[in-house]
Structures are given as C-alpha cells and as structure tokens.
DNA sequence: GAATTGACAACTGTTGACAGTTTACATCCT
DNA sequence: AGGATGTAAACTGTCAACAGTTGTCAATTC
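Chains as they are written, first to last, in the working numbering: chain A, -3 to 235; chain B, -3 to 235.
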C-alpha cells in the first residue's frame, strides 16, 4: 500500500468521521476481518479507531440499510449471516439486475465504450492464452465493472454494487478465481456481441445466463450443510 | 386511525427512538410534508419530535442509504430531488425488478397464494363494474403487494420497496389514481394467468410490460420542462 | 458604489457522561 | 447437585455541551 494515498485537497473532499468509519468497518467486513455472525462492540470499535461512539453508531445505521449488519435493540450489532436459501436468492436477484444492466447498456452504448470493451475482452483472451488465472480474474472484474458503469443507470448501478458487496458475506475469499476460463470467456463474448449489436433483449438474456452459471458453479462447490443451517433466514423486519 | 394500534407486547418489538424518528421523517417525506429539495435542520426536527439530535442524525444515515435524502458535510441534509432522466431510470429499474419478482413468484407460488390472488383480481373487477376508481386503486395496491410478498425473495422485496418509496419523491400525490382501469386490468390478468400457470418467463414479461406501461402513462402527463431542470442529476458519490 | 474584510449567529460534527438494559456469575434454596 | 435468584459488570440508548464550519450582514476600504 502506498504510504501517501491522499487525494489533492479540495473542500468537497472533506470527509466526516462517520463516512471514514463506515468505509473502514465495511472494509473489515468484506475482507472477512470481521466474520459473519460476529458481534460488533461500539466501544471497542470506537476505541480501536480513536473516535467516540457517535460516528460509529451513525456508520452502523448506514451499514444496516446496506444489508451488511443486523441491529438488535439493546443487544448490539451483528455482522449479517446469510443462509443457503438467502444466498441463492441473492444470486438470482443479482443475475436479474445484471441482465437489466446489460440490456440498458445495449440501448445506450457509445462507440467509445465499445472500444474500451473490446480492450477488456482482448485482455481476457490474452490471459487465457497465457493461462494466467490471476490476470483473467482481474480483467474479468474490470469487464463487469465497465458494463455496470456504462449502463448509465446510476441507481441500478448502486443497487447492483450493494448486492455484490452483500454477497461477500458468504463467498469465501480466494474462492473467486474462475475455474473454467474458456466457458466464462464464451459467455463474455456473447454479452459483448449483443451489446455491440445493440440487441437489448439478447444482451439481457446473456447477462442473466452468465451470472446464473456463476451461481451454479459456486453452489456446486459446496453442499447445503456446509452453510450455517439451511433454514436459517434473516429475521423479518419488524415493520 | 384506530386509537390504539400497538402491537402485542414482545421484547423484539421494542423500538429505539432512532427507528421511530426514521419512520416519521420518512413518512413526512413520502407524504410530501417535507418536499423534495427541502433542507432539513437536525435541531428543528429534534425539537419538533421532542428528542435530542443523536437519534435524528442516526436516522438520517439510514435515509441517505435508502436514497431519500442527500447529506452534505457541514451543510446539512436535503430531501432528494430527482430529475427527469433519473425518474425514467428509476421506472426502468423498478420495472425490471417487478418482472423478476413476478418470474420468481411464478416459480414458487402455492395454491393458497393463488386463491388470495384470485380474490384481489375479483376485487378489482368489481371496482371496475362499480366504476369506483378509489376502490380499484386500493385493491390494485394490494394486488401488487401480494405479488411482492409471495415471491419469497426477501432481498428483492426490500430493494423493490425501496425503489418504490424513492419514486414518491417525484410522483405528485393524488396523481396515482389509475386512469384507464380496463387496460390496467388486462395487464393484471395477464400477470396472474402466467403466475398461476407457472410460466415464469411469460410472467416476467407481463410484469415488466405492466410497469413500463405505467411509466409511459405517467410520462405522458408531463413534459420534461415541468421537471426540475432536465439535466439536473444526483451528485456523483465522492468515492 | 462595488468589493473585501471581519464579526456574529446558526448550524453541524464530535465528544463525554448518564440512564436503562442485558449478560454473566456468584449465591442461595430445595 | 440442580435450579432459581440476586447482584455487578459491560454495554447500548440517549442526552447535553463543546468545537469547528458556514453563511449573513454590516463596516471598511479602494
């Protein structure tokens, strides 16, 4: 990590402690430093980061709405634990969202975007030729990020990225490397071709299929029992 | 409103002030009591509700993540203002989500749910015969709520309902009454038929179409200029 | 007269303290 | 010994006060 990753100063860059704390706790959750199910102590976190409890509490509200933690009155904050059924639901939802995003990008794409797109595809193809899984994985992320960014629907992007974050709660780290690069690559090419051709519905279907295939590949790597009790569901919001 | 709408006591029902405050502010925003663009003063709200600023600040974090307000450091909280382009984006996203929800319910529906479903449909048909727009509107809401509930994907439900709330930020109140009950009813029947038959893809398409038709009907009632400047977009998150 | 400066008022960001609840543990009774 | 009861520590929910920032407006300067 670079010693000095400060952005050039500007008033609009001023960050409040709450935002910094939220980002840091989110990081710790997503990296698994704070494992699912863990109980978070406000005082401990506050002391650890050298701030008072106020900003920490505010940060927790944001994380709750984002679905990363559950807050129980008078008990505390728990890093959310996701059961098997919920994991499947999240995959399905994310797949549908990704389909919508591909569809939208197909409608709105610009020539410039298609060029960047082609670059990422070429990068992945090169990684396959070199049999470099790490490079493929990285370029794959960039490819997906590009679609999500280029779709132009900022709310869809925010929701999609939120769901993606949530899924880190049950995807073990290191497990993410793509096993079958060729199959994955074919799906990417189908998506890119449909988007480039402006075929929205075809792009949507290709996007959904790509993520559902990812879901099946993931689910195949585990049996339901390895999950924290298959029947364990998120507590129903007391509305 | 009933004098006493308390739920039966249970420890898990204990509500913290933050939750109550968040719910109340959300209500005021959704009813238009606090109009889009309005600047919210923490002290004023706190004093008005008889609590201190702490719970109010925490509530604001939740509302921000939900997309109902924008928070600017050292300046304050603004009720979010949605421009024309963003409104269209929200309609599209919601339509896609609703399609996914219909599709999911078609896969998972139970006979019991189909019966309740039929009831709602019959209620709407009766409202049409009586030419009672108010009753139709109410049953229509119930019909939609039933689908969203019965789909069984709780995260999809949460996201969908969040987007729906967000859309209250630009839908003027009172404008929601359905104009063309017959057309709307036909779409409902198409959705219900597909779900009952378990035809997931057909249900999805019918769901998307229904909401996009709603979008077009809404957009037809206004010209872009009536929106707060068409080019006005949400400030990009400073990540 | 226009622009700049400086002081003041209002508000947000943060903190530390207090009150009420939960949890753990030791004690007591059967 | 086993379970119930009471007590204390730890933690959460809430509040009030302090510090720092923003915006206003009058006084000052050119």
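Just so you know, even glycine gets a beta-carbon here, dropped at the ideal spot from N, CA and C.
As the structure is a prediction and not an experimental result, all values here were calculated from the model.
DSSP places residue 105 of chain A outside both helix and strand once states are collapsed to three, so it counts as coil.
When the beta-carbon positions are compared, residue 184 of chain B and residue 120 of chain B come within less than 8 Å of each other. Bridge partners of residue 67 of chain B according to DSSP: B:73. Among the CB atoms of chain B, none fall inside 8 Å of the CB of residue 47 of chain A.
In the structure shown, residue 208 of chain B adopts helical secondary structure according to DSSP, grouped into three states. Scanning its chain for C-beta atoms nearer than 6 Å, with the 5 sequence neighbours on each side dropped, one finds around residue 54 of chain B the residues 14, in chain order.
The continuous alpha helix (DSSP H) containing residue 40 of chain B extends over residues 38 to 45. In chain A, no part has a C-beta under 8 Å from the C-beta of residue 176 of chain B; the shortest such distance is about 26 Å. Apart from sequence neighbours up to five positions away, the residues of its chain that approach residue 60 of chain A with a beta-carbon distance below 6 Å are 67, ordered along the chain.
The shortest C-alpha to C-alpha distance from residue 144 of chain B to any of B:23, B:168, B:188 and B:28 is the one to B:188. Around residue 149 of chain B, the beta-carbon contacts reaching into chain A at under 7 Å are 85, 88 and 89. Counting only runs of 4+ residues, the alpha helix (DSSP H) found wholly inside the segment 131 to 187 of chain B occupies 150 to 163, in chain order.
Annotation: the continuous alpha helix (DSSP H) that includes residue 55 of chain B extends over 49 to 61.
Between residue 58 of chain B and residue 11 of chain B, the C-beta gap is not smaller than 8 Å, which leaves the two residues out of contact.
At a cut-off of 8 Å between C-beta atoms, residue 60 of chain A counts as an interface residue with respect to chain B.
Per DSSP, the beta-bridge partners of residue 35 of chain A are A:74.
Looking from the CA of residue 135 of chain A, the closest CA among A:87, A:177, A:31 and A:205 belongs to A:177. For residue 214 of chain A, the nearest beta carbon of chain B is not closer than 8 Å to its own beta carbon. Cα atoms of residue 30 of chain A and residue 44 of chain A: separation of roughly 14 Å, rounded to the nearest angstrom. Against chain B, the CB of residue 52 of chain A has no partner CB under 8 Å away; the residue lies outside that interface.
Listed in chain order, the non-local C-beta contacts of residue 155 of chain B below 7 Å within the same chain comprise 93, local neighbours out to five positions each way being set aside. Residues of the segment 64 to 84 of chain B with a C-beta less than 8 Å from any C-beta of chain A: 69, 70 and 82, listed in chain order. Put simply, the segment 80 to 98 of chain B touches the segment 150 to 164 of chain B. At least three CB pairs are less than 8 Å apart. With its beta carbon at least 8 Å from every one in chain B, residue 94 of chain A lies outside the interface. In this structure residue 90 of chain A is in contact with residue 160 of chain A, their Cβ atoms being roughly 7 Å apart against a cut-off of 8 Å. By the criterion of a C-beta distance shorter than 8 Å, residue 39 of chain B is surrounded in its chain by 49, once the five residues flanking it on both sides are discounted. Contact between the segment 70 to 79 of chain B and the segment 22 to 37 of chain B is present, with at least three C-beta pairs closer than 8 Å.
Sequence-distant Cβ neighbours of residue 164 of chain A in its own chain, meaning closer than 6 Å and more than five residues away, are 26. For residue 13 of chain A, the enclosing alpha helix (DSSP H) covers residues 13 to 26.
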